[in-house]
Amino acid sequence: MLSISEFKRRFKPARENKPAVLPQALHQFLTDVHPKVMDIGARSGPLHEMEMLAPYAHFVICEPDVTEAERVKQQLMRQWRDITVITQALARANGTVALHITAQPGLSSIVTPNQAVYAQYQHFAEHPEYKIDHTITVPALTLETAAQQYHLQDVALMKLDTQGSELEILQSGSQSALDEVVAIYIEGELKPFYTDQPLMADVMQFLDRHGFTALEMKRSALRRYTINQVAFSKREIGWVHCLYFRQKRNDGSALTLTQQLRLVCIALTYQYFDYAMWLLEQPAVAAHNLKQYGTTLQPELVTYTQDVWNGLSAADQANAKGLVTTDRVYDLL
51 MLSISEFKRR FKPARENKPA VLPQALHQFL TDVHPKVMDI GARSGPLHEM
101 EMLAPYAHFV ICEPDVTEAE RVKQQLMRQW RDITVITQAL ARANGTVALH
151 ITAQPGLSSI VTPNQAVYAQ YQHFAEHPEY KIDHTITVPA LTLETAAQQY
201 HLQDVALMKL DTQGSELEIL QSGSQSALDE VVAIYIEGEL KPFYTDQPLM
251 ADVMQFLDRH GFTALEMKRS ALRRYTINQV AFSKREIGWV HCLYFRQKRN
301 DGSALTLTQQ LRLVCIALTY QYFDYAMWLL EQPAVAAHNL KQYGTTLQPE
351 LVTYTQDVWN GLSAADQANA KGLVTTDRVY DLL
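Position 290 of the sequence shown, counting from 1, maps to 340 under the working numbering, and the rest follow consecutively.
Have a look at this one:
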């Protein structure tokens with residue numbers, strides 16, 4: 051997998067895109083909702099899409115590399131409304147785990163890299179990024195325990211990028227820690243780059259059972275390593291980064307009003323403005339917002355989306371106009 055910093059660089063909107071300013075009522079709405087964002091595998095800090103939430107949200111850094119966790123905290127303290135730092139690894143059980151630090155630190159994991167697989171691909175055959183530099187023992191918590199210990203039962207957005215251990219983390223919190231989560235941004239492999247790891251299909255089944263549906267999938271593709279290199283070849287998908295929104299609770303019931311309000315914030319953050327407007331039009335949400343903000347929220351959202359549109363580059367506007375838009379693929383040579 052590419053590092054978080056490289057992923058942010060590759061998938062960041064075009065430089066000519068200009069950020070839009072939130073109108074007054076939408077600004078107050080996000081301030082009042084005060085969503086909580088949990089970044090599991092927070093090396094290099096949050097992805098750029100999350101930055102819109104910074105003035106309004108509580109950001110939770112989950113990073114077992116203590117030095118990196120402190121660096122990220124210092125970097126973000128002036129941007130985010132609140133910050134909590136968790137320096138234990140999240141895992142299937144409380145106790146300790148071995149953390150394998152790789153040559154490319156963003157590939158470090160509590161799961162052992164699988165050389166038999168990653169060496170099949172040209173980039174990793176030529177660049178030993180998965181090679182284990184050293185292994186350390188770090189304290190570990192389940193997601194359930196972390197939620198109780200750090201008061202995280204109300205997380206709205208959970209991002210997981212832990213190099214093969216994402217599913218076991220989700221499973222370790224399926225008792226109650228995931229109950230209130232309304233959005234998940236997660237990396238999943240289509241090839242077992244780590245030994246005996248679950249693949250994205252397993253993650254998708256888990257999320258489907260818990261009421262989540264996929265909105266977005268960003269693919270990363272690689273060339274296969276061969277001794278005799280051909281002039282051209284399509285690349286194989288190696289892993290994906292997916293955004294999921296929750297449509298129903300674990301028991302099949304509808305989202306609560308609080309969950310719907312939090313999901314509006316996440317939809318705005320990821321620019322799923324149709325989804326945000328659809329939520330604002332739901333009877334319970336509309337009644338709540340009418341009482342709190344009058345009739346201004348929906349017109350302000352229309353205005354805000356126009357400002358966002360006007361700030362997009364010509365290329366992004368052209369892509370958005372298509373009946374079927376194309377995602378951006380990160381190609382490793």
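Note that CB positions come from ideal geometry on N, CA and C, so glycine has one too.
Predicted, not measured: the structure shown is a model, and the values here were computed from it.
Same chain, Cβ closer than 8 Å to residue i, neighbours up to 5 away in sequence not counted
| i | result |
| --- | --- |
| residue 218 | 141, 142, 248 |
| residue 252 | 217 |
| residue 120 | 135 |
| residue 197 | 203, 205, 223, 226, 227 |
Through-space distance from residue j to residue i, alpha-carbon basis
| i | j | result |
| --- | --- | --- |
| residue 268 | residue 297 | 21 Å |
| residue 167 | residue 279 | 19 Å |
| residue 240 | residue 157 | 16 Å |
| residue 242 | residue 77 | 43 Å |
| residue 172 | residue 178 | 11 Å |
| residue 150 | residue 311 | 39 Å |
| residue 127 | residue 133 | 7 Å |
| residue 372 | residue 362 | 15 Å |
| residue 334 | residue 308 | 10 Å |
| residue 365 | residue 359 | 12 Å |
| residue 289 | residue 125 | 28 Å |
| residue 332 | residue 341 | 14 Å |
| residue 81 | residue 250 | 35 Å |
| residue 348 | residue 338 | 13 Å |
| residue 79 | residue 367 | 28 Å |
| residue 163 | residue 343 | 52 Å |
| residue 336 | residue 283 | 52 Å |
| residue 238 | residue 186 | 24 Å |
| residue 281 | residue 220 | 42 Å |
Supposed close pair residue i, residue j - CB separation, criterion 8 Å
| i | j | result |
| --- | --- | --- |
| residue 203 | residue 226 | 7 Å |
| residue 294 | residue 206 | Incorrect: roughly 13 Å between the Cβ atoms, too far for contact. |
| residue 146 | residue 188 | 7 Å |
| residue 316 | residue 208 | So it is not a contact: roughly 10 Å between Cβ atoms. |
| residue 161 | residue 244 | 4 Å |
Nearest to residue i (by Cα), restricted to the options the options
| i | options | result |
| --- | --- | --- |
| residue 184 | 368, 166, 152, 238 | 152 |
| residue 291 | 159, 216, 304, 333 | 216 |
| residue 193 | 231, 284, 311, 303 | 231 |
| residue 212 | 177, 264, 138 | 138 |
| residue 154 | 181, 131, 128, 164 | 181 |
| residue 169 | 366, 350, 335, 276 | 276 |
| residue 159 | 210, 250, 201, 124 | 210 |
| residue 200 | 135, 339, 251, 252 | 135 |
| residue 236 | 244, 224, 254 | 254 |
| residue 321 | 344, 356, 161 | 356 |
| residue 224 | 261, 244, 125 | 261 |
| residue 324 | 302, 265, 288, 190 | 265 |
| residue 191 | 148, 131, 246 | 148 |
| residue 165 | 130, 347, 246, 370 | 246 |
| residue 263 | 300, 283, 282 | 300 |
| residue 144 | 283, 195, 163 | 195 |
| residue 302 | 257, 186, 129 | 257 |
| residue 259 | 238, 229, 283 | 229 |
Own chain partners of residue i with C-beta closer than 6 Å, once the 5 adjacent residues on each side are dropped
| i | result |
| --- | --- |
| residue 314 | 326, 329 |
| residue 57 | Reliability fails at residue 57, whose pLDDT of 39 lies under 50, so the model's placement of it is uncertain and the value that follows must be treated cautiously. The answer is none, since no qualifying residue turns up. |
| residue 130 | 104, 109 |
| residue 214 | 159, 161, 244, 247 |
7 Å CB neighbourhood of residue i in its chain, flanking five on each side removed
| i | result |
| --- | --- |
| residue 122 | 92, 95, 111, 113 |
| residue 354 | 70, 72, 73, 76 |
| residue 304 | 298 |
| residue 319 | 99, 100, 102, 103 |
| residue 286 | 271, 272, 274 |
| residue 175 | 169, 275 |
| residue 346 | 75 |
| residue 350 | 73, 75, 76 |
| residue 118 | 93 |
| residue 306 | none |
Minimum Cβ-Cβ distance from residue i to chain B less than 9 Å
| i | result |
| --- | --- |
| residue 189 | Checking the listed chains, one finds no chain B in this structure; it contains a single protein chain. |
Touching or not, the region 78 to 87 and the region 103 to 120, by the rule of three or more beta carbon pairs under 8 Å? Touching, yes.
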